Structure formats: C-alpha cells, structure tokens
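Going by the UniProt record's numbering, the sequence shown opens with residue 1, and the numbers climb by one from there.
Notes follow once the structure below has been shown.
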Amino acid sequence: MSLLHFSIIAPLILAIFIPFFYKKVKAIHTGWLIVWLPALLFIYFIQFLPQIQNEGAIKKTVEWIPSLGINFTAYVDGLGLLFALLITGIGTLVVLYSVFYLDKKKENLGHFYVYLLMFMAAMLGVVLSDNLIVLYVFWELTSFSSFLLIGFWNHKERSRYGAQKSMLLTVFGGLSMLGGFTILSLLTESFSIREIISQAGSISTEPLFIVALILVLLGAFTKSAQFPFHIWLPDAMEAPTPVSAYLHSATMVKAGIYLVARMSPVFAEQGIWLWLVGGIGLVTLFWGSFNAVKQTDLKAILAFSTISQLGMIMSMLGVGAAALHYDFLRENFYMGATVAAVFHLINHATFKGSLFMVAGIVDHETGTRDIRKLGGLMQLMPITATIAFIGTFSMAGLPPFNGFLSKEMFFTSMINVLHLDIFNLETWGVLFPVIAWIASIFTFIYSMMLFFKTFTGKRKEEHLKKKPHEAPIGMLIPPIILAALVIFFGFFPNVLSQSLLGPVASSILPSLMDAGHEMDIHIQFWHGFKPELFMTIGVIFFGIILYKTMEKWTPIYGKIPSFFALNYVYDAGLKQSEKGANRLTNFYMNGSIRHYMIYIFISFIGLLTYAIVRNQAFLLDTADLAPIGIYELVLSLIIVAASITILIAKSRLTSIIALGAVGYTVALFFLLFRAPDLVLTQLVIETVSVALFLLAFYHLPKLNRKEERMSFKLTNAIVALGVGVIVTLIALSAHSQKLFDSISKYYIENTAEKAGGGNMVNVILVDFRGFDTMFEIAVLGIAALGIYGMIKLRLSRRRNE
1 MSLLHFSIIA PLILAIFIPF FYKKVKAIHT GWLIVWLPAL LFIYFIQFLP
51 QIQNEGAIKK TVEWIPSLGI NFTAYVDGLG LLFALLITGI GTLVVLYSVF
101 YLDKKKENLG HFYVYLLMFM AAMLGVVLSD NLIVLYVFWE LTSFSSFLLI
151 GFWNHKERSR YGAQKSMLLT VFGGLSMLGG FTILSLLTES FSIREIISQA
201 GSISTEPLFI VALILVLLGA FTKSAQFPFH IWLPDAMEAP TPVSAYLHSA
251 TMVKAGIYLV ARMSPVFAEQ GIWLWLVGGI GLVTLFWGSF NAVKQTDLKA
301 ILAFSTISQL GMIMSMLGVG AAALHYDFLR ENFYMGATVA AVFHLINHAT
351 FKGSLFMVAG IVDHETGTRD IRKLGGLMQL MPITATIAFI GTFSMAGLPP
401 FNGFLSKEMF FTSMINVLHL DIFNLETWGV LFPVIAWIAS IFTFIYSMML
451 FFKTFTGKRK EEHLKKKPHE APIGMLIPPI ILAALVIFFG FFPNVLSQSL
501 LGPVASSILP SLMDAGHEMD IHIQFWHGFK PELFMTIGVI FFGIILYKTM
551 EKWTPIYGKI PSFFALNYVY DAGLKQSEKG ANRLTNFYMN GSIRHYMIYI
601 FISFIGLLTY AIVRNQAFLL DTADLAPIGI YELVLSLIIV AASITILIAK
651 SRLTSIIALG AVGYTVALFF LLFRAPDLVL TQLVIETVSV ALFLLAFYHL
701 PKLNRKEERM SFKLTNAIVA LGVGVIVTLI ALSAHSQKLF DSISKYYIEN
751 TAEKAGGGNM VNVILVDFRG FDTMFEIAVL GIAALGIYGM IKLRLSRRRN
801 E
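Below is the structure:
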C-alpha cells in the first residue's frame, strides 16, 4: 500500500483507537489527540501542488477485486487535490474549534471524533478514487457518518428527525448513482473514471447513456442539496456547530459538486447536461436565497444560504459545459463558468466556514441563535463581529473580499449564455442572467440580516440566557484564519490562478487542454464598465431598499399554503408510505405459519417454473440410468404408503411410527446400494428421532377425533403436489444435462492414494470435506449447549417456584 492510500484511510485507523484514548486519557480534551492528523495530511497534500502543475496527475493502484475490474486506485489531479486540501485544511480548523466548543464533561467526545474521522476518511476516498465502485463505497460511508454526526445529540427529537431525513434522501441518491455507474461500466466495460472519460465520445449515442446521466445527477443533486432535494440540509443544522461548519460548508454538501465536475468530461457534450445542471442550479440558487430571508435562526439562515451558494456553483458548472461546443467560450474559457465555479467553491468554504463558527460562538456565549433576541453585540464581541462582517460582506459579493470577485465571474458566465445559440439557449438563455441577478438581491438581503440584526442595534440582554462576552481565543482562531483567507484571496486572487485554479479547470474539461487552449487565468477587481458591474450596482441598490422595507413585503411568505412546501410533501409521503407498509405487512404477516409456508412454496414453484420454461431447461435422458428392480419398486411403494399414513392417521403414535417407517425404508435403499455406513447412520438417526418424537408427544394431550380431526385442504394439496412435481422435474433435468464430469471419479481415483482410506464415504466426510464436517459438529454442539441451557434454566425456575 502506498503512502497516498494510507493517507486516505489514516483517519479510519486513528478512529479505531479513539475509544481507548477517550477512556484512558481524560485529563485533556479528546480533540487535542486528533487535531494533528488533518494538519499533517494537509501538509502532505499541499506538497502535491508542484507535481500536479508539472505532471498533471498522480496515480497509485492497490488491487482489490481485479477479476471484476475493481481496484483501489488513488488518483490525484487538480480537482481531487483541491477537495483533499479543503477536507484536511477545514478539518483541522474544525477540530481545533470543537476543542473549545464541546464540553468534555458533558459530551460523548469519543463517539463524536470517531464519527468525524470516519467522515473525513470517507470524503478523501470519494475525491481521490478513480474506480466508480470504490467511490460509491466511500460515498455511502459519507451518508452513514453524516447521519451519525447530525444525530449526535440523539436525545433531541429534531436531531433524530434531521439525521433520518438526510440519510433517506442521500442514500436514495447514492443508490440511483450506483445504477448510473453500472450502466457506464456496461457501456465501457470498465469501472475506471479515466477509461470512461476516454470513451465518452463513443458511448454518448447509446440509448442508456441519458439514463446513466440522470441517475448520476440524482446522486449529485441529493448530496449537494439541490432543488427539490434541498429539504434535508436545514434540518441537518440540528447537529453541533463544528459539524455544520465542516459538513455543510466545505465538504459533504460539496461532494455532489465534485461528482458533477468529475463526470463533466463524460456527459458535458449532451445538451440535457447543461440544462439540468445549469437550470436546477439556478432554481436552487433562487429558492435558497428567497427562503433564507424569512428565517430567524442564525444557522437556519446559513443553511438556506448554503443551499443557494451550492446552486450558484452548480449553475456555473452546467454553463461551463458549453465551452466544449462554442468557440467564443473556448477562446475565453479561462474567465468562463468553470473557473468561476472552482474559485467560488474555494471562497465559499472560507467565508461560510467562518460564519458557521461565528453562529456557534454567538450561541455559545449568549445561549440563543434567534436574531429577534439578538442585537448590539458588536461592542461586547468585537472580534466575533469583525469576523462576521468579513464573512457576510464576502457572501453578499461586496468588495474588497473574495466573494465579490467570484460573484462578478458568476455574472460574467451568466451573461455569456446570451451569446450561445445551442440547446435553445438563444431563446430561453435570457433566464440565466435574470434569475442569477434576482437571486443575488436576496443573497444581499440575508447577508445584511445576518450581520446587522445580530451585531448592531439595541441590546436585548433580557432575552438572552447568558451574559454575552467575547469567546475564548481558542474558539476565535479558526474563524480568524478563515476570515484572513477571505481578505487574502480577495486582494491576491492570482495566488490561486496557476497553482490551483488552472489544474482544476483542466481536470474538469480536459478536452480543451488537449485541443491546445492555453490556461492563462488572471483575476482582478476592476475590468471596466461592463454589464456585470452594473448588475452588482443594481443588486446593492435594490438590496438596500428591500432590506430597509422588509416589514412591508415579508408577509408574502405567510401567503404561501403549507401544503405547497416540500417539507410537507416529504412528511406526508413518509407518513403514507409507513401506513402503506404497515397495511401490506399486516396483510401477509398474520401469524399463521401455514400461510408463510404457502407464500414461500408458491414463490418457489412460480420462479422455478418460469426459469425452466423461459430457458427451455427441461430435458429427460434415461440412457445412463440403472434399471429399476422389484426391490426398489416395493420399497418405493412402502415409502408412499407410509407418507400417506402420516397425513390420514388419527393418532399421533400412528403418525410417528409411519414417519419412522419412511426413514427405515430409506435405510434399506442404502443397503441395496451397498452403502453400509449410510445404513448405520440412517438407522441411528431414525431411532433417535422416533424416540425424541415419542418423548415430546407423550406430554401433549390426546387427539380428539371430533374436534381435531385433520381435514382435507385443497390448497395444501395443490401446493404440496406442485413442489413435488417441480423438484422432481429439476432433479431429472439436472441429471439429464450434466455440464461437467461427475466428481465421483476424482474420489474413486484419489481416496486410497491421497487420503489413505479404504472406505470412500468415511474419507469424504473426514478428509475431503473435513472442514464441512467439523463445522457441522460445531453447529450441533452449539445447539446442544443451547438446549442444555434452556433445560437448566427451566429446572432452576421450577426449583425457585
């Protein structure tokens, strides 16, 4: 295993030891025991930057299931490296923040950090895996670990609800994505993302290609909270603030962004990709920002703002696909939507991570996140207010912060859509810049709400649970670092241009680089009096007016009927599905063993009959069968007569004797076929069975001929006859069309030589199938111990009585 593979699973390895550290080392906070790992991984990954710029990608493979083409291939290119740096860098700051946020005396930190490390490893596996099946395994591990993190405070009903909702929606998307991956592997005969990308042109005309595209997008949209699957993200805010800062600003919710970016070379040439990714992204952008304005909880505002910002990034990735079709964007794609999406992804991680931490600080130091109870905190919490000012104004897209630069690039990419004449964009394309501009106005409004309603105005200390004061320095350091990056990337954005943005863009649209287009990225504050600048001025102008007049127009939110809300649809659908499942289960799970056996046998008959008819599998060949003599015929009739006697007997004793007769007659068959060992075994088994049956039935009341007389049931007869017929047909057919030579020759030839035995049956049981026999003995021994334990327990209860 290479060091690269080890870096992916290192958090999982450390997670194994956390429970032991947590119990043994109680003098210090558990977070101090793990903060070094993400920091070390960040340093390790940042060393790849020169290699990625010069070599393009690094690939290491460990075989897993090579026969199926499933190997753990770690692939580091610009896109994977960017996400690895976000996962480990933000992860380091979040762990440091959690040390001061979570009380080691009140919280189960052992569980918390195990879940957090599990999630970190899962995200690294998602972004650094080249194999689709390995990516899917890590993808579902992110859903599972996020479920545990969101529901960490499981004593709260809302935490359990949020965890369940996130699990149901993201796992649904993950299974859909697996279906898309399966189709791609069938079309390309490979699970390798690199190999699939290389065949993208040849498979794009296949009938199932669009189906694969839609299924993959379902996985991306559910994970990245795109409309209409965004409803899980606000409820996930019930998680501790460090979880929100990590999962819902920089990592998990961006897994869908990563998937879209990674699969763009495969699907981007299809017009439906641009419309679905770009269109759904814009709808999500607007809906998230529109709903953020009506929220009163700081984390709820940030949750809907995250939905909005994710939609913004998604829309740019969708529009960026047009660069593969249109020379205008090919010549100017360095300023196009793809680079803008990548740049805003980085910016969003910095300002949104700091704002989540600010929300946690406010809650931690005041006891509330309700902006109706907050206000005037700037004088009491000046450092926190400064961090909030930087983060909110960057999120609003105001200079001189990094959010302004990527927001301008966002407007540029939306305006460029107006120059396109593909995929009907010449008519409907005007909606892109219009929706983007309207949504940006609401983004400005909720950004102003977040800062001014919390840190300015009149103090409301009488509504607060705690006396507000500045947070400890340890809790302030992580958001200060992120806020500093907001300013640094704002003034020096080109630090990222060639080192990171260029390699990432070439990873997303490699065909442009292969065609010889140069990657010359240069980002600056001033680029003239262009439409995007006037759009920004309009956002600020109308945003201020609407913010100042909120009391007059916000009642519009109350006019929307509740049953139109997607949460209402989700809750009602879940409730109805539970009722339907209960009704269906109660219908067939009625407590009758007879009914259960009928269901099983009817399914058995139906499926096997269909398989035989569908594949024309029945064949009867009696050429190699031995002749049936008078002894075999007589014994067969005895077995049939004894079996019928069991059914019609009016006495339990008669039924037991008839059952024993069946077994002893089978022993006579073994005797005819010259298998004395099997005869002895059969006789012992039958004797013990009959004795046990007699012992058990001795304690039961006698049969009442009138009340308990066994009646004939036509259903039972039909099912029993059907099972007998189908099993007989399968046995005859299997004997008549053998695909391989019988293994009996091998035993005949090797019993004496390899096992040193003269009795073939004994040798098979003891030597050739020794492990099978040993495990059968172990099972019987365990069963005997269980029976002995139950009898002993029963006897002890009787003595106590």
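Cβ atoms here follow ideal geometry from the backbone N, Cα and C, with glycine treated the same way.
Please read all numbers here as calculations on a predicted model, not as lab measurements.
Burial state of residue i, where buried means 16 or more other Cβ atoms lie within 10 Å
i: W36; result: exposed
i: P242; result: buried
i: N567; result: exposed
i: A581; result: exposed
i: T205; result: exposed
i: residue 802; result: Because the chain here runs from 1 to 801, residue 802 falls outside it and cannot be looked at.
i: L274; result: buried
i: Y101; result: buried
i: G151; result: buried
i: W428; result: exposed
i: A340; result: buried
i: K407; result: buried
i: R709; result: Because R709 sits at a pLDDT of 49, beneath the cut-off of 50, its placement in the model cannot be relied upon, and the point is left open.
i: N494; result: exposed
i: P50; result: exposed
Alpha-carbon spacing of residue i relative to residue j, whole angstroms
i: V662; j: G789; result: 32 Å
i: N291; j: L282; result: 14 Å
i: W32; j: K26; result: 11 Å
i: V679; j: L671; result: 6 Å
i: L546; j: E189; result: 56 Å
i: V666; j: L635; result: 8 Å
i: V362; j: M414; result: 36 Å
i: M120; j: P11; result: 7 Å
i: Y596; j: Y588; result: 8 Å
i: F771; j: Y698; result: 38 Å
i: P555; j: T549; result: 11 Å
i: R330; j: A322; result: The pLDDT assigned to R330 is 47, lower than 50, so where the model puts this residue is not dependable, and the model offers no usable value.
i: V569; j: L168; result: 14 Å
i: N615; j: D741; result: 22 Å
i: L85; j: P503; result: 14 Å
i: P66; j: I193; result: 16 Å
i: K24; j: A15; result: 15 Å
i: L647; j: S744; result: 37 Å
i: P19; j: L148; result: 16 Å
i: A39; j: L116; result: 14 Å
i: S651; j: S603; result: 33 Å
Rounded Cβ spacing between residue i and residue j (contact assumed at less than 8 Å)
i: L285; j: A388; result: The pair is not a contact, with the Cβ atoms about 23 Å apart (cut-off 8 Å).
i: D767; j: A752; result: 11 Å between Cβ atoms; not a contact.
i: I90; j: A349; result: 6 Å
i: F601; j: V723; result: 5 Å
i: A255; j: T338; result: At roughly 18 Å, the Cβ-Cβ gap does not stay under 8 Å, so A255 and T338 are not in contact.
i: I196; j: V134; result: Their Cβ separation, rounded to whole angstroms, is 14 Å, which puts I196 and V134 out of contact at 8 Å.
i: T368; j: L464; result: 6 Å
i: T454; j: L377; result: 6 Å
Own chain partners of residue i with C-beta closer than 7 Å, once the 5 adjacent residues on each side are dropped
i: G660; result: E686 and V690
i: I764; result: Y747
i: N332; result: Bear in mind that the predicted position of N332 carries a pLDDT of just 49, short of 50, making it unreliable; the figure below should be weighed with that in mind. If we look at N332 and ignore the five residues flanking it on each side, it has no Cβ neighbours.
i: I487; result: I390 and F401
i: A675; result: V761
i: T296; result: D370, I371 and R372
i: I791; result: none
i: F267; result: L213 and W273
Beta-carbon proximity list for residue i, same chain, < 8 Å, skipping 5 on both sides
i: H5; result: K60, V62, F72 and A74
i: residue 812; result: Residue numbering for the chain in the displayed model covers 1 to 801; residue 812 lies beyond these limits and cannot be assessed.
i: I52; result: I58, V76, D77, G78, L81 and P503
Residues near residue i in its chain [Cβ-Cβ closer than 6 Å; skip 5 each side]
i: T392; result: S447, L450 and F451
i: T366; result: L464, K466 and P468
Taking 8 Å as the cut-off, does the segment 76-83 touch the segment 43-61 (at least 3 CB pairs, one atom from each stretch)? yes
May I ask you to verify whether the segment 94-103 touches the segment 464-481, counting CB pairs closer than 8 Å and requiring at least 3? yes
Please determine if the segment 184-203 and the segment 217-225 are in contact, where contact requires at least 3 C-beta pairs separated by less than 8 Å. no
Report yes or no: do the segment 274-281 and the segment 307-320 share at least 3 C-beta pairs separated by less than 8 Å? yes
Is it a yes or a no for the segment 107-116 touching the segment 162-176, going by three-plus beta-carbon pairs under 8 Å? no
Counting Cβ pairs closer than 8 Å, one from the segment 230-250 and one from the segment 137-153, do we hit at least three? yes
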